[in-house]
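Scroll down for the structure; my scribbles are underneath it.
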Amino acid sequence: MTDTLSLPPRATPEAASFRDAMARVASAVHVVTTLGPAGRAGLTATAVASVSDNPPTVLVCIARPSRTLAVIEASGLFCINTLPGADHELAEIFASRRGIEGEARFATRPWTTLATGAPVLSDAVAAFDCRLTAVQDVATHRILIGEVVGLGGAAAAPGSSLIYRQRQFQAV
Ligand SMILES: Cc1cc2nc3c(=O)[nH]c(=O)nc-3n(C[C@H](O)[C@H](O)[C@H](O)COP(=O)(O)O)c2cc1C
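Just so we're aligned: the sequence shown equals residues 1 to 172 in UniProt numbering.
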């Protein structure tokens with residue numbers, strides 16, 4: 001049996017090395033939206049995953065300073081909109097890279113709603129309309145668990161999807 005006290009200290013990767021490794025992983029790009037008393041809000045996110053299909057459940061990890069996070073927690077609802085391959089500009093807008101804030105981020109695309117009232121991008125590859133069911137703080141982020149109560153997005157055969165890899169957007 002190994003004496004754990006005699007093991008060499010485990011080398012924790014530097015944050016920058018971790019980010020470089022994660023940059024090699026291709027991720028689908030989503031805009032996570034919600035609706036609050038001050039109107040619609042949303043942010044670009046890649047930290048999204050499917051959790052279960054019974055009941056349909058997803059998660060998204062959001063940095064705690066995010067303004068959208070506060071609105072989601074107050075409203076208890078959000079929608080994950082998976083972006084089509086051509087729409088890297090919308091990802092830039094919702095990542096606060098165009099100086100456009102709040103409701104104005106929604107001005108240039110058609111939106112609709114499903115069950116919760118959260119904005120649904122009309123030409124999303126897929127949209128997952130969610131009721132917030134649980135939250136968990138981990139490190140700098142908050143993990144939001146959502147039960148999917150509506151599905152939307154482009155009904156026709158899906159076109160390309162937007163991914164982020166090596167710090168660049170690509171259509172696949
Ligand atoms: C490709 C890409 C992926 C991102 N993924 C996430 C994410 O998963 N979670 C997160 O909290 N922020 C993520 N961000 C950063 C947010 O979009 C950004 O901080 C945004 O300004 C937050 O807006 P808000 O404060 O209005 O909510 C991502 C940004 C980019 C460009």
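For each residue, glycine too, the CB sits at the ideal point set by N, CA and C.
Values in this document were obtained by computation on a predicted structure and should not be read as measured data.
- Proximity annotation: ligand 1 has residues Leu43, Thr44, Ala45, Thr46, Ala47, Ile62, Ala63, Ser66, Arg67, Thr68, Ala95, Ser96, Tyr164 in chain order, each selected because its CB is closer than 5 Å to a heavy atom of the ligand.
- Excluding residues up to 5 positions away in sequence, Thr57, Val58, Leu59, Val60, Phe78, Ile80, Phe128, Cys130, Arg131, Leu132, Thr133 lie with their Cβ nearer than 8 Å to the Cβ of Gly146 in the same chain.
- Remark: C-beta atoms of Leu83 and Val125 approach each other more closely than 8 Å.
- Scanning Gln168, Ala115, His88 for the CA closest to the CA of Val31 turns up His88.
- If the five residues before and after Ala45 are omitted, its C-beta is found closer than 6 Å to the C-beta atoms of His30, Val32, Val60, all from its own chain and listed in chain order.
- For the 8 Å CB-CB criterion, Arg64 and Arg142 form a contact.
- Between the alpha carbons of Val120 and Val172 lies a distance of about 22 Å.
- For Thr116, same chain residues with a beta-carbon under 6 Å away, outside a window of 5 residues either side, are Leu77, Asp129 in chain order.
- Beta-bridge partners assigned by DSSP to His141: Ala63, Val138.
- The three-state secondary structure of Glu147, taken from DSSP, is strand.
- Going by DSSP, Phe169 is part of the beta strand (DSSP E) stretching over 168-171.
- With a threshold of 16 other beta carbon atoms within 10 Å, Ala15 falls short and is exposed.
- Partner residues in the beta bridge of Phe128, as assigned by DSSP, are Ile80, Leu151.
- Using a Cβ distance threshold of 8 Å, Ala118 and Thr34 count as a contacting pair.
- As DSSP reads the structure, Ile163 sits in a beta bridge with Ala28, Gln170.
- The Cβ neighbour count for Leu151, taken over all protein chains shown within 10 Å, is under 16; the residue is labelled exposed.
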